[in-house]
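Residue numbers (our numbering): 167 to 354. Structure first, commentary second.
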Amino acid sequence: MLCYRKLALSGLTSLGLLLAVATGSPAQMAHEAMSESGSGFRRIEQPLWVKALVTTGGLGLIGLELWWFVFSQPKSSQAKAQDGIQEITIAVDGGYDPNQIVVQAGLPVRLNFYRTDPSNCLEEVRLPDFRIAKALPVNQTTEIEFTPDEPGQYEFACGMNMFRGTIKVVANSSESKTANLATTAKST
Ligand SMILES: [Cu+2]
Numbered sequence: 167m168l169c170y171r172k173l174a175l176s177g178l179t180s181l182g183l184l185l186a187v188a189t190g191s192p193a194q195m196a197h198e199a200m201s202e203s204g205s206g207f208r209r210i211e212q213p214l215w216v217k218a219l220v221t222t223g224g225l226g227l228i229g230l231e232l233w234w235f236v237f238s239q240p241k242s243s244q245a246k247a248q249d250g251i252q253e254i255t256i257a258v259d260g261g262y263d264p265n266q267i268v269v270q271a272g273l274p275v276r277l278n279f280y281r282t283d284p285s286n287c288l289e290e291v292r293l294p295d296f297r298i299a300k301a302l303p304v305n306q307t308t309e310i311e312f313t314p315d316e317p318g319q320y321e322f323a324c325g326m327n328m329f330r331g332t333i334k335v336v337a338n339s340s341e342s343k344t345a346n347l348a349t350t351a352k353s354t
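See the structure below:
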């Protein structure tokens, strides 16, 4: 999942290059021929394969865009509780992955930010609701610990607030389970 954005990006770039080469070379030849003859404007009929290539290229780009849109939806992950601490690793590479973390209220949370992206945009992460701001050295795991007491949605973001993620704090599962049981008991 992590590489989809990069893949999409490189795919777009290579397609663009391909298109530029395919459409550029015949046009260039035409240009040279034109200046040689010196007869001014001359209509050059593009070969059919060029038209076909441009059309498929365009359709491919549209497809890629749609694919990009689908895969750029928030990715949600539940932090796993172990020894009374809810832990999750977040990859910091062109954004945060996952960018939606589900945790339980009242239990300590440890977020392991693993940053591989060298761009200084992501050098700091902030959790304003928990008064946390921490530098993330490249190719290192930086732990951030806090305990969310109240259920709700909390944001984390880079220092410039460009890349964002959310921490969804839900009520403690043992409590919610009894609540679920109570509702099912009522409905039946
Ligand atoms: Cu930034």
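We treat Cβ as the ideally placed atom computed from N, Cα and C, and that holds for glycine. Treat the numbers as computed from the prediction; the structure is a model and nothing was measured.
Under a three-way DSSP split, which group does residue i fall into?
i    : result
F322 : strand
K241 : coil
E211 : coil
A218 : helix
Could you give the C-beta distance for residue i and residue j, rounded to a whole number, given that I count them as a contact under 8 Å?
i    : j    : result
Q248 : V269 : In fact, because the Cβ distance is near 13 Å, the residues do not count as touching under 8 Å.
A245 : V220 : About 48 Å separates the two Cβ atoms, so there is no contact after all.
L225 : G250 : Contact flag wrong, Cβ pair sits at about 53 Å.
D295 : V258 : 19 Å between Cβ atoms; not a contact.
F329 : G223 : Not quite, the Cβ-Cβ distance comes to about 31 Å (not below 8 Å), so this is no contact.
S266 : G318 : According to the sequence provided, residue 266 is Gln. The question's Ser does not apply to it. At roughly 13 Å, the Cβ-Cβ gap does not stay under 8 Å, so Q266 and G318 are not in contact.
N278 : I298 : Contact doesn't hold; Cβ gap of about 14 Å is too wide.
Which partner residues of residue i appear in the DSSP bridge assignment?
i    : result
D263 : A257
A271 : According to DSSP, A271 bridges with nothing at all.
I251 : Q248
Is residue i near ligand 3, with its Cβ less than 7 Å from a heavy atom?
i    : result
F296 : Because ligand 3 does not appear in the structure shown, any question about it cannot be addressed here, the ligands present being ligand 1.
Every unbroken beta strand (DSSP E) within the stretch 276 to 339, with a cutoff of 3 residues, ordered by chain: Runs found: 290 to 293, 298 to 301, 306 to 312, 318 to 324, 330 to 336.
Between the stretch 212 to 220 and the stretch 240 to 255, do three or more beta carbon pairs fall short of 8 Å? With a cut-off of 8 Å, the stretch 240 to 255 and the stretch 212 to 220 do not count as touching, because too few Cβ pairs lie within range.
Taking 8 Å as the threshold, find out whether the stretch 313 to 328 comes into contact with the stretch 283 to 290 through three or more Cβ pairs. A contact exists between the stretch 313 to 328 and the stretch 283 to 290.
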